[in-house]
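**Student:**
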Amino acid sequence: MALNKKSVDDINVSGKRVLVRCDFNVPLKNGEITDETRIVAALPTINKLIKDGGKVILCSHLGKVKNGPNEGESLAPVAKRLSEKLGKEVNFVSDYNVTGEAATAAVNAMKEGDVVLLQNTRFRGQEETKNGEQFSKELADLADVYVCDAFGSSHRAHASVAGVTKCISAKGGENAVGYLMQKEIDFLGNAVENPVRPFVAILGGAKVADKLNVINNLLEKCDTLIIGGGMAFTFLKAKGMEVGNSLVDNEKLDYCKEMMDKADKLGKKLLLPVDTTIADHFPDPIDGPIDVEVVDADKIPADKEGLDIGTKTAELYADAVKSAKTVVWNGPMGVFENPILAKGTIAVAKSLADTDATTIIGGGDSAAAVNQLGFADKMSHISTGGGASLEFLEGKELPGVVAADDK
Ligand code: AMP
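Take 897 as the starting number for the sequence shown in the numbering used here and just add one per residue.
1. What's the gap between the Cα of D1180 and the Cα of L924?
2. Kindly indicate which three-state DSSP category Y1042 falls into: helix, strand or coil?
3. Could you tell me if V1150 is buried or exposed, where buried requires 16 or more neighbouring beta carbons within 10 angstroms of its beta carbon?
4. How far does the alpha helix (DSSP H) with K1153 in it reach, from first residue to last?
5. F1095 bridges to which residues according to DSSP?
6. For a test of your reading of the model: does the CB of A1036 fall under 7 angstroms from any non-hydrogen atom of the ligand AMP? Yes or no.
7. May I ask you to report which of helix, strand or coil DSSP gives C1118?
8. For the ligand AMP, is there a heavy atom less than 7 angstroms away from the beta-carbon of V1231?
9. At which residues does the alpha helix (DSSP H) containing L945 begin and terminate?
10. I need the straight-line Cα distance from E1201 to F1019, nearest angstrom please.
11. Rounded to the nearest angstrom, what separates M897 and N1086 at their Cα positions?
12. Do you know how far the Cα of A1198 is from the Cα of E1080?
13. Could you say which of L1132, A1284, K1148 lies nearest to T1172 if we only look at CA atoms?
14. Please work out which residues of its chain come closer than 7 angstroms, Cβ to Cβ, to A972, disregarding the five sequence neighbours upstream and downstream, and give them in chain order.
15. Where does T1280 sit, in a helix, a strand or coil, going by DSSP?
16. Determine, using beta-carbon pairs with one atom in the segment 1044-1052 and one in the segment 1265-1283, whether at least three such pairs fall under 8 angstroms.
17. Using the C-alpha atoms, what's the distance from D906 back to I946?
18. Between D919, T1120, A1299, which lies nearest to V974 when the distance is taken from Cα to Cα?
19. Whole alpha helix (DSSP H) runs in the segment 998-1045 with 4 or more residues, listed along the chain?
20. Give the C-beta separation of D1040 and G1069 to the nearest angstrom, bearing in mind that I take them to be a contact with Cβ-Cβ under 8 angstroms.
21. Quick one: give me the first and last residue of the beta strand (DSSP E) that L954 is part of.
22. Run the CB neighbour count on R934, radius 10 Å, all protein chains shown included, and call it buried at 16 or more, exposed below.
23. Keeping to the same chain, check which residues put their C-beta closer than 7 angstroms to that of A1216; ignore five residues upstream and five downstream.
24. How is the beta strand (DSSP E) around G1202 delimited, first residue to last?
25. For N963 and D948, what's the separation of their Cα atoms in angstroms?
26. Just verifying my parser: in three-state terms, what is the DSSP assignment at T1209?
27. How about V1191: is its C-beta nearer than 8 angstroms to some C-beta of chain C?
28. Taking just the CA atoms, how far does A1220 sit from P1295?
29. Would you say A1193 touches the ligand AMP, meaning its beta carbon is less than 7 angstroms from a heavy atom?
30. CA-CA distance, V916 and S1056?
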């Protein structure tokens, strides 16, 4: 998906009311923000709009809001932290209705460069439903222009992500993407659609079933597809190997065979583990002590479980990365939450850190692993959206991206 979408550099917001959909879905503990990454990531777009004289109205969801509006999922802590980061007042509209009288009054009182934050969009149940038209319209009524900067939510056709754009367009307003969205789409889009080759894709994580479309799509786009993590064992079993008690998805054996045939036909390299780190059982607790040994992939005893790639595999995968010009990685190579079983994931992370190739980390666990292992600043791009980046890698169009105006 090449980005030919209007960005905040292409619109004139001076004196206009700009509704910005951010991803302020930050982790909270006892009302305190424990990781402010998402707030920091939103600052460039917000600062640009302030500088250009827009009246900046921010909205976001926070948490799942399963039992209706509640103070525990209010955006109040975000307003406070954001105000500190921007060095200016953020007028928080705490009304659980999100839009309505209080929001309208706050927006009417805005001057150029002012910032208002609306309440958690999921406090309005309509946000996530197909009949979100009314909420979409109420959001759009507050603004002249709309900017989407919430990549992590862009795979959902929610009211504040997609629905609102139709109402903004209907009254002649513009819909653009923010800098964060633009960066995500530029990196992921270029890597998948227009990669500098050789292009190596690395997939890991627990289950094959979660990544069927990613495997299929990336196999078509990349030169080498590397499989690690729990999902590798379904491939090994499909090749006729004994995998003991390792994680296997028996219903996906045919699928794995199909993918291996497809790789052959397309002339693509598909690398699977040649050895594996095994133990008697899954660690309990997950980061607790565990006795392990490394065996060849075709020598896994029936009563053992493969929990990480082995040393030879780590070298093989690192070599493949060395020869690449573009690398996309999604999913850990083993149970990386346990230091004894994190070696394969660390080796792969290190090989990415050491290369000059463009390195892109899909969100979720691989992003967490790279951050946790201290390699974050060595990567070209770490996606902020787990589900969204996976759908992107599946080749799907993201509603939040599609909804922005073309340039
Ligand atoms: P995913 O969410 O699909 O990216 O999967 C990430 C999870 O896969 C992590 O919690 C890992 O502990 C788990 N995982 C990775 N390798 C294995 C394995 N060999 N056996 C069981 N779980 C694994």
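Ideal Cβ placement from N, Cα and C applies to all residues, glycine included.
Just so it is clear, the structure is predicted and the values come from calculations on it, not from any experiment.
**Tutor:** On the basis of the data shown:
1. Along the sequence shown, one-based indexing puts residue 1180 at 284. Along the sequence shown, one-based indexing puts residue 924 at 28. Going by the C-alpha atoms only, they are around 26 angstroms apart.
2. Translated into positions along the sequence shown, residue 1042 becomes position 146. In the structure shown, Y1042 sits in a strand (DSSP, three-state: E or B).
3. The count along the sequence shown starts at 1 and reaches residue 1150 at position 254. What sits at residue 1150 in the sequence shown is Asp, not Val. It counts as exposed.
4. Translated into the one-based positions of the sequence shown, residue 1153 becomes position 257. 1149-1162 is the extent of the alpha helix (DSSP H) around K1153.
5. Position 199 of the sequence shown, counting from 1, holds the residue named residue 1095. F1095 is bridged to T1222.
6. Your numbering for residue 1036 matches position 140 in the sequence shown. No, the beta carbon of A1036 sits no closer than 7 angstroms to any heavy atom of the ligand AMP.
7. If you number the sequence shown from 1, residue 1118 lands on position 222. Residue state, collapsed to three classes: coil.
8. Looking up residue 1231 in the sequence shown gives position 335. For the ligand AMP, at least one heavy atom lies less than 7 angstroms from the Cβ of V1231.
9. Here residue 945 refers to the residue found at position 49 of the sequence shown. Residues 933-947.
10. Residue 1201 sits at position 305 when you count from the first residue of the sequence shown. Residue 1019 sits at position 123 when you count from the first residue of the sequence shown. Going from the Cα of E1201 to the Cα of F1019 covers about 44 angstroms.
11. In the sequence shown, residue 897 corresponds to position 1, counting from 1. In the sequence shown, residue 1086 corresponds to position 190, counting from 1. Interpretation of M897 is limited by its pLDDT of 47, a score under 50 that renders its predicted location unreliable; the figure taken from the coordinates is listed afterwards. Taking the straight line joining both Cα atoms gives about 8 angstroms.
12. Numbered from its first residue, the sequence shown carries residue 1080 at position 184. Numbered from its first residue, the sequence shown carries residue 1198 at position 302. In this model, E1080 and A1198 are separated by some 43 angstroms (Cα to Cα).
13. If you number the sequence shown from 1, residue 1172 lands on position 276. Among L1132, A1284, K1148, the Cα nearest to that of T1172 belongs to L1132.
14. Within the sequence shown, the letter at position 76 stands for residue 972. Around A972: F988, S990.
15. In the sequence shown, counting from the first residue as 1, residue 1280 sits at position 384. Coil at T1280, not helix or strand.
16. yes
17. The residue given as residue 946 occupies position 50 in the sequence shown. The residue given as residue 906 occupies position 10 in the sequence shown. Distance between the alpha carbons of I946 and D906: 15 angstroms.
18. Stepping through the sequence shown from its first residue, residue 974 is reached at position 78. Comparing C-alpha distances from V974 to each of D919, T1120, A1299 shows the shortest one belongs to D919.
19. 1029-1037
20. Numbered from 1 along the sequence shown, position 144 holds the residue referred to as residue 1040. Numbered from 1 along the sequence shown, position 173 holds the residue referred to as residue 1069. At roughly 5 angstroms, the Cβ-Cβ gap stays under 8 angstroms, so D1040 and G1069 are in contact.
21. Working through the sequence shown from its first residue, we reach residue 954 at position 58. Segment 951-955, the beta strand (DSSP E) holding L954.
22. Within the sequence shown, residue 934 is the residue found at index 38, counting from 1. Buried.
23. Position 320 of the sequence shown holds residue 1216. Hits under 7 angstroms: V1096, T1120, I1122, L1167.
24. Translated into the one-based positions of the sequence shown, residue 1202 becomes position 306. Start and end: 1201-1205.
25. The residue labelled residue 963 in the question sits at position 67 within the sequence shown. The residue labelled residue 948 in the question sits at position 52 within the sequence shown. Taking the straight line joining both Cα atoms gives about 39 angstroms.
26. Looking up residue 1209 in the sequence shown gives position 313. Reduced to three states, the DSSP call for T1209 is helix.
27. The displayed structure is made up of one protein chain only, and chain C is not part of it.
28. For this step, residue 1295 is matched to residue 399 along the sequence shown. For this step, residue 1220 is matched to residue 324 along the sequence shown. Near 31 angstroms, if we compare the C-alpha coordinates of A1220 and P1295.
29. Here residue 1193 refers to the residue found at position 297 when the sequence shown is read from its first residue. For the ligand AMP, not one heavy atom lies less than 7 angstroms from the Cβ of A1193.
30. Here residue 916 is taken as the residue at index 20 of the sequence shown, counted from 1. Here residue 1056 is taken as the residue at index 160 of the sequence shown, counted from 1. Taking the straight line from one Cα to the other gives about 9 angstroms.
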